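Below you'll find the structure, written out as structure tokens, and then a few comments.
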Amino acid sequence: EAQVTQNPRYLITVTGKKLTVTCSQNMNHEYMSWYRQDPGLGLRQIYYSMNVEVTDKGDVPEGYKVSRKEKRNFPLILESPSPNQTSLYFCASSKADWGKQFFGPGTRLTVL
Amino acid sequence: GENVEQHPSTLSVQEGDSAVIKCTYSDSASNYFPWYKQELGKRPQLIIDIRSNVGEKKDQRIAVTLNKTAKHFSLHITETQPEDSAVYFCAASIVSGGSNYKLTFGKGTLLTVNP
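Those sequence lines, one after another, are chains F and P.
The first sequence begins at 1220 in the working numbering and counts up one residue at a time.
The second sequence begins at 6 in the working numbering and counts up one residue at a time.
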């Protein structure tokens, strides 16, 4: 089944404790992206990747890191999480085909 | 950078009526405008999209129109049904070589269809 998966789905952590949210797609998509969704703010792009080893900042990259060492994986790294990074995070992927993005199920992160 | 404004933030209609959601964008280089539907507790899903070389696109009860001169685009849902109730997001992107670059979303419209 073609899909985008994220892990974990739910995470409660404390300020400053490094964490990684994984994202994987099995559709051989070139493009992958991370978004955060906050009430009243909609979806905001954090980072995106055009292909392996090619990443760039979205609109809200501060406090996040990404890497794209393999085509199928695009992990999101929070080196020192803070409470303002409490949010619902979505990973998405698409072929190089005018952006029909497929979203993962989301990761709800709470930073205490 | 790109700024996308979406109105209204909430919209309530009676079943069978039409619903219209409007978005404006700021970057004249944007050439791809997707619309996503997000049901409660679910992930966003693409419902329709339009490229800048097209003025209108229709898919059954859903249509999108684009006015490049005015830099606005709209989603039209006819004969609304309760299952159309969801949050709808518009977005704008510059697509080059067939792949997305940055994608900027509007803040969303909560559509409620009352039976």
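Beta carbons: idealized from backbone N, C-alpha and C, even for Gly.
Quantities reported herein were computed from a predicted structural model and do not represent experimental measurements.
Reference residue i, options the options, closest by Cα
i	options	result
Val1233(F)	Asn1247(F), Gly1277(F), Glu1298(F) and Gln1222(F)	Glu1298(F)
Asn1226(F)	Lys1237(F), Ser1243(F), Lys1236(F) and Glu1220(F)	Ser1243(F)
Asp27(P)	Ser104(P), Leu108(P), Ser101(P) and Ala97(P)	The sequence shown places Lys at residue 27(P), rather than the Asp named in the question. For Lys27(P), the nearest C-alpha among the options comes from Ala97(P).
Glu84(P)	Tyr30(P), Val100(P), Arg66(P) and Lys42(P)	Arg66(P)
Leu108(P)	Tyr1250(F), Lys1236(F), Lys1237(F) and Pro1324(F)	Tyr1250(F)
Gly21(P)	Gln86(P), Ala34(P) and Val9(P)	Gln86(P)
Gln1185(F)	Lys1236(F), Arg1291(F) and Val1223(F)	Lying outside 1220 to 1331, the shown extent of chain F, residue 1185(F) is not represented and no answer is given.
C-beta contact flag for residue i and residue j at 9 Å
i	j	result
Tyr1266(F)	Asp1275(F)	yes
Ser23(P)	Asn119(P)	no
Ala91(P)	Leu116(P)	yes
Leu1307(F)	Arg1255(F)	yes
Pro1300(F)	Gly1323(F)	no
Lys1319(F)	Asn1247(F)	no
Tyr30(P)	Asn58(P)	no
Contact list for residue i against chain F, beta-carbon separation under 7 Å
i	result
Leu51(P)	Lys1319 and Gln1320
Amino acids of chain P, ordered along the chain, whose beta-carbon sits closer than 8 Å to that of residue i
i	result
Glu1249(F)	Ser104
Tyr1308(F)	Those within 8 Å of Tyr1308(F) in chain P number zero; the least Cβ separation is about 11 Å.
Close-in-space but distant-in-sequence residues of the same chain around residue i (CB under 8 Å, 5 per side omitted)
i	result
Glu1272(F)	Arg1287 and Lys1288
Thr1239(F)	Pro1294, Leu1295, Ile1296 and Leu1297
Other residues of its chain near residue i: CB distance less than 6 Å, five sequence neighbours each side excluded
i	result
Ile53(P)	Trp40, Asp64, Ile67 and Val69
Leu80(P)	Ile26, Trp40 and Val69
Lys1284(F)	Ile1296
Thr1241(F)	Asn1226 and Pro1294
Phe110(P)	Phe94 and Ala96
Asp32(P)	Glu7
Completely contained beta strand (DSSP E) runs for the stretch 28-83 of chain P, where each covers 3 or more residues: 37-43, 50-56, 61-64, 67-72 and 77-82
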